[in-house]
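In our numbering, the protein residues as written are 1 to 140.
Even glycine gets a Cβ: it sits at the ideal position worked out from N, Cα and C.
Working notes for the structure below.
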């Protein structure tokens with residue numbers, strides 16, 4: 001869990017996020033999102049995303065955060081904009097590293113099985129819409 005301001009400064013973080021990322025809560029409160037976010041590494045990109053969250057009321061997305069030891073952690077973020085005296089974003093962040101690993105293994109296994117049977121597999125993706133995997137196997 002995070003509470004951040006419009007500029008992406010972390011105002012509060014819970015103990016679960018602290019443990020997941022290897023930082024103390026005090027360290028996190030002195031950081032900004034751009035120091036942790038791999039896909040939005042600049043304050044300008046983070047501020048743009050926060051403006052979108054405030055405008056739409058919320059967002060749910062997958063991304064990667066940088067652990068204190070440097071490794072990437074796959075996370076799912078569910079963010080909501082709340083206006084108290086100012087706008088704040090409350091974000092609930094879940095580690096999805098294991099799920100992403102399992103999805104990758106499943107794709108690789110499917111590809112090996114299809115190719116072993118002289119088939120073909122492909123993916124069609126639409127940004128924001130997801131992906132569709134298709135395959136064809138020859139008739140024996």
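- The continuous beta strand (DSSP E) containing residue 83 extends over residues 72–83.
- Shown here, residue 63 sits in a strand according to DSSP, grouped into three states.
- In the same chain as residue 49, and ignoring 5 residues on each side of it, the C-beta atoms closer than 8 Å to its own belong to 40 and 59, in chain order.
- Only exposed fits residue 137, as fewer than 16 other CB atoms lie within 10 angstroms of its CB.
- Counted as a single uninterrupted DSSP element, the beta strand (DSSP E) harbouring residue 12 occupies residues 10–13.
- Here residue 99 carries a helix assignment [DSSP, helix/strand/coil].
- A straight line joining the alpha-carbon of residue 18 with that of residue 139 spans about 54 Å.
- A distance of 8 Å or more separates the beta carbons of residue 62 and residue 10.
- For secondary structure counted as the alpha helix (DSSP H) over 4 or more consecutive residues, the stretch 92–137 holds these complete runs in sequence order: 97–116.
- For residue 88, the secondary structure class from DSSP, reduced to helix, strand or coil, is strand.
- Less than 8 Å divides the Cβ of residue 64 from the Cβ of residue 38.
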